[in-house]
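Asks: Using the working numbering, you'd call the opening residue of the sequence shown number 5 and step up by one each time. Take a look at the following structure, please.
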Amino acid sequence: MARYGPEHPDLPPAFFSDFAKMALDESKHFSLLTSRLAALSPGTPYGSMPVHASLWESARVTFTSLRARLAIIHLVHEARGLDVNPGTIEKFRRAGDVDSVDVLNIVHRDEVTHVTTGHRWFTWICTKQGVDPVQTFREEVKRCWRGDVKGPFNAEDREKAGMTPDFYEDLRGEMPSDWDKLTHTAARPIH
Numbered sequence: 005m006a007r008y009g010p011e012h013p014d015l016p017p018a019f020f021s022d023f024a025k026m027a028l029d030e031s032k033h034f035s036l037l038t039s040r041l042a043a044l045s046p047g048t049p050y051g052s053m054p055v056h057a058s059l060w061e062s063a064r065v066t067f068t069s070l071r072a073r074l075a076i077i078h079l080v081h082e083a084r085g086l087d088v089n090p091g092t093i094e095k096f097r098r099a100g101d102v103d104s105v106d107v108l109n110i111v112h113r114d115e116v117t118h119v120t121t122g123h124r125w126f127t128w129i130c131t132k133q134g135v136d137p138v139q140t141f142r143e144e145v146k147r148c149w150r151g152d153v154k155g156p157f158n159a160e161d162r163e164k165a166g167m168t169p170d171f172y173e174d175l176r177g178e179m180p181s182d183w184d185k186l187t188h189t190a191a192r193p194i195h
């Protein structure tokens with residue numbers, strides 16, 4: 005996030021403090037989760053299983069825009085964590101895995117603060133630019149996200165973080181896939 009400083013010299017010190025705290029939280033989450041994975045399945049170290057690259061793709065797509073980065077990374081990806089974490093925690097609780105429940109509760113509490121931070125700074129930049137935060141968020145999602153913003157939604161925790169349903173209900177991204185971009189480019193005549 006610090007890389008956006010030169011483009012936005014009016015960003016206050018609190019912006020950088022908030023994102024430094026978030027980076028520390030994310031490193032804590034990584035340590036907690038990899039330790040838990042090692043305890044549960046020593047033969048399956050972190051990195052041995054395939055995963056999707058959605059977060060990386062979103063980082064690439066939003067590279068040139070702080071507003072888009074806040075919308076997609078913090079108010080779509082992080083907010084999705086608010087939706088799925090409670091169900092995941094409940095599965096571990098039913099399995100009697102108290103240690104995993106404790107770790108996931110820490111992650112979930114932190115994620116609420118991450119979405120709150122993303123919402124605060126997204127709203128701040130929209131105010132500075134004189135645009136409506138809800139409408140602008142919806143436009144950023146349409147431009148920089150592919151497919152539905154999936155529910156079911158944890159409306160209670162999203163609301164705690166500042167995200168009312170008008171931000172995310174009935175929302176679909178219209179960004180073409182990399183394959184669509186490649187085939188569209190390949191189909192263009194060369195002069």
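Beta carbons: idealized from backbone N, C-alpha and C, even for Gly.
1) In chain order, which continuous runs of the alpha helix (DSSP H) of length 4 or greater are located wholly inside the region 19 to 74?
2) With contact counted as at least three CB pairs below 8 Å, one residue from each stretch, are the region 146 to 165 and the region 82 to 91 in contact?
3) Output the distance between the C-alpha atoms of P13 and T121, rounded to the nearest integer angstrom.
4) What is the DSSP secondary structure of G85, reduced to helix, strand or coil?
5) Rounding to the nearest angstrom, what Cα-Cα distance links H56 and S62 in this structure?
6) Which one of T131, R142, H78 and M179 has the shortest CA to CA distance from V116?
7) Nearest by alpha-carbon distance to E173: which of V107, K132, E163 and K95 is it?
8) What is the residue span of the alpha helix (DSSP H) that D170 lies within?
9) Quick one: grab the DSSP three-state call for G134.
10) Per DSSP, what are the beta-bridge partners of E178 in this structure?
11) In three-state terms, what does DSSP make of N109?
12) Please look up how many angstroms separate the CB atoms of C130 and A72, rounded, as I've assumed it's under 8 Å.
13) Leaving out the 5 sequence neighbours to the left and right, which residues in its chain are closer than 7 Å to L37 when beta-carbon positions are compared?
14) Span of the alpha helix (DSSP H) holding D161?
15) Quick one, which of G134, S21 and I76 has its alpha-carbon nearest R176's?
16) Exposed or buried, V102, counting other C-beta atoms within 10 Å across all chains shown (16 or more means buried)?
17) Pick out whichever of I110, S181, E178 and D136 has its Cα sitting closest to the Cα of S31.
18) Cβ atoms of H33 and D114: under 8 Å apart, would you say?
Replies: The answer reads as follows:
1) 58 to 65 and 70 to 73
2) The region 146 to 165 vs the region 82 to 91: in contact.
3) 19 Å
4) helix
5) Between the alpha carbons of H56 and S62 lies a gap of roughly 12 Å.
6) Relative to the Cα of V116, the nearest Cα in the group T131, R142, H78 and M179 belongs to H78.
7) Of V107, K132, E163 and K95, the residue nearest in Cα terms is E163.
8) In this chain, the alpha helix (DSSP H) harbouring D170 covers P169 to Y172.
9) Of the three classes helix, strand and coil, the one that applies to G134 here is coil, per DSSP.
10) R150
11) helix
12) 12 Å between Cβ atoms; not a contact.
13) V107
14) A159 to K164
15) I76
16) exposed
17) I110
18) Result yes, Cβ atoms of D114 and H33 sit closer than 8 Å.
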